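Each remark here refers to the structure printed beneath this line.
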Amino acid sequence: MDVLTKINGLFLEDGMLLATTDIEYLYTSIKHADGLRAARFFLETTNWDGHLIDLILDLLEFVLTHNYFVFKDRFYLQTQGTAMGTACAPSYASLFVGHWERWLLHGDRAQVADPVVGWFRYIDDVLLIWNGDDTSLSKFMQQLNINPFNLKFTYNWHPNKIDFLDISLCVGEDGAIETGLYRKETSVNSLLHASSAHNYSTIKAIPVGQFLRNRRVCSTEERFEKQSVALTDRFCTRGYSHRCIKAGYRRAKNTRREDLLVQPKKCKQTDEPMVRFISTSNCHWDRIHGEFSPLTLWEITLHMFSQVFTAYRPGDSFAHPTQPKESPPLKVAKWTAMSKSEGKQ
Numbered sequence: 001m002d003v004l005t006k007i008n009g010l011f012l013e014d015g016m017l018l019a020t021t022d023i024e025y026l027y028t029s030i031k032h033a034d035g036l037r038a039a040r041f042f043l044e045t046t047n048w049d050g051h052l053i054d055l056i057l058d059l060l061e062f063v064l065t066h067n068y069f070v071f072k073d074r075f076y077l078q079t080q081g082t083a084m085g086t087a088c089a090p091s092y093a094s095l096f097v098g099h100w101e102r103w104l105l106h107g108d109r110a111q112v113a114d115p116v117v118g119w120f121r122y123i124d125d126v127l128l129i130w131n132g133d134d135t136s137l138s139k140f141m142q143q144l145n146i147n148p149f150n151l152k153f154t155y156n157w158h159p160n161k162i163d164f165l166d167i168s169l170c171v172g173e174d175g176a177i178e179t180g181l182y183r184k185e186t187s188v189n190s191l192l193h194a195s196s197a198h199n200y201s202t203i204k205a206i207p208v209g210q211f212l213r214n215r216r217v218c219s220t221e222e223r224f225e226k227q228s229v230a231l232t233d234r235f236c237t238r239g240y241s242h243r244c245i246k247a248g249y250r251r252a253k254n255t256r257r258e259d260l261l262v263q264p265k266k267c268k269q270t271d272e273p274m275v276r277f278i279s280t281s282n283c284h285w286d287r288i289h290g291e292f293s294p295l296t297l298w299e300i301t302l303h304m305f306s307q308v309f310t311a312y313r314p315g316d317s318f319a320h321p322t323q324p325k326e327s328p329p330l331k332v333a334k335w336t337a338m339s340k341s342e343g344k345q
């Protein structure tokens, strides 16, 4: 949404190009010393206590230097970069590239980037607007690959059309940048199946979310309608009813795109105690809550806490989401009811 907000209403002048760049193997290319130096640089721009910053860096160094993996029954220690699945990896990589950007755009080499009119980055993917021809752009990319940060770049360019993340950008006749949804040719229909054992409210909300996303990305009514037809076909293939699909479409159709480009306000957190109830999705949950609610741990939990947040674990694979299967016999444990004051003891 950030890039959509920034390019909304932009116009390209004659002689400008659209280009995208990608940093090859970013996560495994970052040297530990350089990454920690970048993290320290940005942490020291905050008003945090120095001891807290040192603690964060010590913990980060421990994570980076203890990435083990097994290959053919042999253990290996990763001596450079960070593991892709590490929780801190995206933030760590983004800070490192941000440190490189300061070196490129604000340091001694800033004049090299003078023709860069727009620079929009998401971790290792960059959309840029270049004020020049393809020859000068090629020279610029060659200079980017000469750096002390161990970064290697690839790029694509086009005078009036390019794809970036899930956005397709096109320059209109008046020079305005128009956007629409982009899907790779190899993309599969991974929408959650309507017969999945998830709660019905979750199933019903998926078309709403997808059509609102379509509305947010598409900058013109024509693109929105065209993408909505394709999205409707994908939902029909996954077993969604026409009523459910139409409700999602109408919700998006009646929503202004400008409202969707505004960052929603975060809900205020209360001081009330809250417990998270996370479980594997199961088609028996409605029956348990409806028929056996006085006997379940759920009701006891409600006595103890004023707020309960429920969530379901994802399926084994997004390509093969959870499907309803023949469930085992339902077993209900009996619980002795307790008062709210007893539950807090």
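Each residue of the sequence shown is one higher than the one before, counting from 1 in the UniProt record's numbering.
Glycine is no exception: its CB is placed at the ideal position from the N, C-alpha and C atoms.
Just so you know, these numbers come straight off a predicted model, no measurement behind them.
Compare the C-alpha of residue i against each of the options and name the closest.
{"i": "residue 348", "options": "229, 27, 195, 66", "result": "Lying outside 1 to 345, the shown extent of the chain, residue 348 is not represented and no answer is given."}
{"i": "residue 35", "options": "163, 60, 5", "result": "60"}
{"i": "residue 40", "options": "203, 27, 151, 95", "result": "95"}
{"i": "residue 125", "options": "22, 8, 15, 240", "result": "22"}
{"i": "residue 256", "options": "239, 237, 216", "result": "216"}
{"i": "residue 154", "options": "127, 1, 131", "result": "127"}
{"i": "residue 151", "options": "11, 27, 187, 175", "result": "27"}
{"i": "residue 56", "options": "73, 16, 37", "result": "37"}
{"i": "residue 10", "options": "174, 101, 224, 53", "result": "174"}
{"i": "residue 81", "options": "74, 14, 189, 67", "result": "67"}
{"i": "residue 18", "options": "71, 77, 115", "result": "115"}
{"i": "residue 79", "options": "62, 120, 88", "result": "62"}
{"i": "residue 132", "options": "46, 13, 258, 264", "result": "13"}
{"i": "residue 8", "options": "25, 50, 171, 85", "result": "171"}
{"i": "residue 222", "options": "43, 147, 42, 253", "result": "253"}
{"i": "residue 84", "options": "137, 245, 213, 29", "result": "29"}
{"i": "residue 120", "options": "213, 251, 2, 159", "result": "2"}
{"i": "residue 16", "options": "140, 159, 51", "result": "159"}
{"i": "residue 200", "options": "187, 244, 169, 233", "result": "244"}
{"i": "residue 102", "options": "71, 91, 42, 264", "result": "42"}
{"i": "residue 25", "options": "97, 51, 225", "result": "97"}
{"i": "residue 69", "options": "58, 86, 54, 53", "result": "86"}
With the cut-off set at 7 Å, would you say residue i and residue j are in Cβ contact?
{"i": "residue 149", "j": "residue 20", "result": "no"}
{"i": "residue 117", "j": "residue 129", "result": "yes"}
{"i": "residue 180", "j": "residue 207", "result": "no"}
{"i": "residue 240", "j": "residue 176", "result": "no"}
{"i": "residue 185", "j": "residue 219", "result": "no"}
{"i": "residue 64", "j": "residue 99", "result": "no"}
{"i": "residue 4", "j": "residue 261", "result": "yes"}
{"i": "residue 182", "j": "residue 167", "result": "yes"}
{"i": "residue 189", "j": "residue 135", "result": "no"}
{"i": "residue 93", "j": "residue 123", "result": "yes"}
{"i": "residue 144", "j": "residue 157", "result": "no"}
Just verifying my parser: in three-state terms, what is the DSSP assignment at residue i?
{"i": "residue 202", "result": "helix"}
{"i": "residue 358", "result": "With the chain covering only 1 through 345, there is no way to say anything about residue 358."}
{"i": "residue 391", "result": "There is no way to answer for residue 391, as the model of the chain reaches only from 1 to 345."}
{"i": "residue 149", "result": "coil"}
{"i": "residue 180", "result": "strand"}
{"i": "residue 33", "result": "helix"}
{"i": "residue 158", "result": "strand"}
{"i": "residue 20", "result": "strand"}
{"i": "residue 25", "result": "coil"}
{"i": "residue 168", "result": "strand"}
{"i": "residue 58", "result": "helix"}
{"i": "residue 2", "result": "helix"}
{"i": "residue 13", "result": "coil"}
{"i": "residue 256", "result": "coil"}
{"i": "residue 238", "result": "coil"}
{"i": "residue 50", "result": "helix"}
{"i": "residue 63", "result": "helix"}
{"i": "residue 7", "result": "helix"}
So if DSSP puts residue i in a beta bridge, which residue, or which two residues, is it bridged to?
{"i": "residue 76", "result": "69"}
{"i": "residue 163", "result": "168"}
Please give the ranges of any alpha helix (DSSP H) in the stretch 81-145, keeping only runs that are unbroken, at least 4 residues long and fully inside the region.
89-105, 134-144
Segments of 4+ residues assigned as alpha helix (DSSP H) that fall wholly inside the stretch 185-232
200-217
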